[in-house]
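Top to bottom, those sequences are chains A and B. Using numbering that gives the first Met the number 0, read the first sequence as starting at 0 and increasing by one per residue. Using numbering that gives the first Met the number 0, read the second sequence as starting at 0 and increasing by one per residue. Ideal Cβ positions, reconstructed from N, Cα and C, are used throughout, including at glycine. In what follows, a single structure is set out as structure tokens and then discussed.
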Amino acid sequence: MGLPDNFLIAVRKGIMLNLPVVTSVVAYGFVCGVLSRQVDMAFWQVAALSGLMFSGTAQLLLAGLWATEVSIAAALVSVLAISLRYLLIAATCAPLLKSYPTAVRYFMASFITDENWAVAMAHRDRDTIGGALMFGGGLTLWVGWMMATLSGWYFGAIISDPSRYGLDFAFTAVFLSLVIIMAKGSKNHPLVTITCATIAALLADRFFGGSWPIISAGVAGASAAALTYKETEISS
Amino acid sequence: MSEQQALIIIAGAIIITQGLRYLGLSIGGLLPTTGRMGAFLNAVPIAILTGLVAPTVFNGGTVTFIGAAITAIVAYYTTNMLAAMMSGIIVVVALRQGILF
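Structure follows, in structure tokens:
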């Protein structure tokens, strides 16, 4: 069992389809690189995270926690919480990758992110070439992310006051727009989820701090979604 | 942060993130995508990201709050992340420099 005949054509198509997406990824990758330099992350640390972890949200989160004397356990629990969605999106990629040899399948899965996953899922031929589309998109995003974060790190040294350029706000802006865009595409009750998650986060921030706002928001928001789902099921 | 502590966090973060991708791939269709459990799992990403930004948005002062509101409005109407991000940042910088008020 080898690679399908149209593999390279489909990978190239995935690259082309993800080119518009990569522009915004490069923008916040650069910001992530600058922030990493501001919190004294070393070059190899940024390169290892960008190249091997390949998760923008988790990397920005770590950069945010880096300066706060965070414990190893709290940092890793936060990463686990924010990356838990990969379990779900990788599971939905399983049918797209099932025709590939095992080693190839897992290698391709290393490149799953929100952006190329969404592009692959939105494609009408996803059952036949979706895996290769996702992989091609992943390669594009990987190259863009590496270049953006490492050049951000490099230029971070000469950007002495990041708040002057609003770069300290960039982290909030990136995730806030992600929340809104994801909520707009959600079929569930995103407003209920967001409201409950916000209340839980603010309470946890007030009384516990650290990464508790993230974890409390995750549990409260998802529970609210589950409860609302049950109500609509009964009423319909 | 010590060099050793940094190494453990970075290695752990890589293993956790890739491990979740591989676990997701291997369990494939076993995860519920419908019903109450499906709704719970589907809401996790939005809930987590909300928890990440909510404290800053609401406790970060007036300028941050206005910048966040602009970001959210632009994100809602354009669904363009770059446009939303840039609008918010421009407003925050303009307010801090006293250009707008």
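Considering only the alpha carbon of each residue, which of B:T61, B:G87 and B:V92 lies closest to I72 (chain B)?
Measuring from the Cα of I72 (chain B), the nearest candidate turns out to be B:G87.
If we require 3 or more residues per run, which beta strand (DSSP E) segments fall completely within the region 15–81 of chain B?
Restricting attention to beta strand (DSSP E) runs no shorter than 3 residues, the region 15–81 of chain B encloses none.
From F182 (chain A) to G217 (chain A), what distance separates their C-alpha atoms?
Note on residue identity: the sequence assigns Ala, not Phe, to residue 182 (chain A). When rounded, the distance between both Cα atoms is 15 angstroms.
Could you tell me whether any Cβ in chain B is nearer than 9 angstroms to the Cβ of N17 (chain A)?
Not an interface residue.
Ordered along the chain, which non-local residues of its own chain (more than five positions away) have a Cβ less than 8 angstroms from that of S235 (chain A)?
Confidence at S235 (chain A) is low in this model, with a pLDDT of 36, below 50, so its placement is unreliable and no value can be given for it.
On a CA-only basis, which of A:A172, A:T194, A:C195 and A:F207 is nearest A68 (chain B)? Give me that one, please.
Per the Cα distances, A:A172.
Just curious, the alpha helix (DSSP H) that V142 (chain A) is in, first and last residue?
Here the alpha helix (DSSP H) through V142 (chain A) covers R125 to G155.
Measure the Cβ-Cβ separation of G135 (chain A) and N5 (chain A) and say whether it is below 9 angstroms.
no
Does DSSP put P19 (chain A) in a helix, in a strand, or in coil?
helix
Can you give, in chain order, each stretch of the alpha helix (DSSP H) that sits fully within the region 153–224 of chain A and has at least 4 residues?
Here the runs fully enclosed are 166–183 and 189–206.
Could you check how far apart the C-beta atoms of V92 (chain B) and G165 (chain A) are, in whole angstroms? I think they sit under 8 angstroms.
4 angstroms
Grouping DSSP H, G and I as helix and E and B as strand, with all else coil, what is M0 (chain B)?
coil
Could you compute how far the alpha carbon of I233 (chain A) sits from the alpha carbon of A90 (chain A)?
In this prediction, I233 (chain A) has a pLDDT of 47, which is less than 50 and means its spatial position is unreliable; what the coordinates show is noted afterwards. Whole-angstrom Cα-Cα distance: 28 angstroms.
Taking all protein chains shown into account, do 16 or more other C-beta atoms lie within 10 angstroms of the C-beta of W43 (chain A), making it buried, or fewer, making it exposed?
exposed
With H, G and I counted as helix, E and B as strand and the rest as coil, what does DSSP make of A5 (chain A)?
The residue you asked about is not Ala; residue 5 (chain A) is Asn in the sequence shown. If DSSP states are grouped into helix, strand and coil, N5 (chain A) belongs with coil.
Answer yes or no: do S82 (chain A) and S54 (chain A) have a C-beta to C-beta separation smaller than 9 angstroms?
yes
Would you tell me roughly how many angstroms separate the C-alpha atoms of L175 (chain A) and T194 (chain A), rounded to the nearest one?
14 angstroms
Within 9 angstroms (strictly less), CB to CB, does V103 (chain A) reach chain B?
no
Starting from the beta carbon of I15 (chain B), find every residue of chain A whose beta carbon is closer than 7 angstroms, and list them in chain order.
L75, V78, L79 and S82
Could you say which of A:A131, A:A223, A:T101 and A:A74 lies nearest to L190 (chain A) if we only look at CA atoms?
A:A223
To be precise: take each residue of the region 49–83 of chain B, compare its Cβ to all Cβ atoms of chain A, and keep it if any distance is under 8 angstroms. Which residues remain?
For the region 49–83 of chain B, the residues whose beta carbon sits under 8 angstroms from a beta carbon of chain A are, in order, T49, G50, L51, V52, A53, P54, T55, V56, F57, N58, G59, T63, G66, A67, T70, A71, V73, A74, Y75, T78, N79, M80, L81 and A83.
From T67 (chain A) to R125 (chain A), what does the alpha carbon distance come to, in whole angstroms?
43 angstroms
Restricting to Cα atoms, I'd like to know which of B:I89, B:E2 and B:A46 is closest to S215 (chain A).
B:A46
Which word fits N187 (chain A), buried or exposed, when buried means at least 16 other C-beta atoms lie within 10 angstroms of its C-beta?
N187 (chain A) is buried by the Cβ-count criterion.
Run through chain B and tell me which residues come within less than 7 angstroms of Y85 (chain A), C-beta to C-beta.
T16, L19, R20 and G23
Can you give me the start and stop residues for the alpha helix (DSSP H) that V76 (chain A) sits inside?
Counting along the chain, the alpha helix (DSSP H) containing V76 (chain A) begins and ends at I71 to L96.
Just the C-alpha distance for I15 (chain B) and G97 (chain B), rounded to the nearest angstrom, thanks.
44 angstroms
Between G97 (chain B) and chain A, is any beta-carbon pair separated by less than 9 angstroms?
It does not: the Cβ of G97 (chain B) has no partner Cβ on chain A nearer than 9 angstroms.
Roughly how far, in whole angstroms, is the beta-carbon of E114 (chain A) from the beta-carbon of V24 (chain A), given that I think they are within contact range, below 8 angstroms?
6 angstroms
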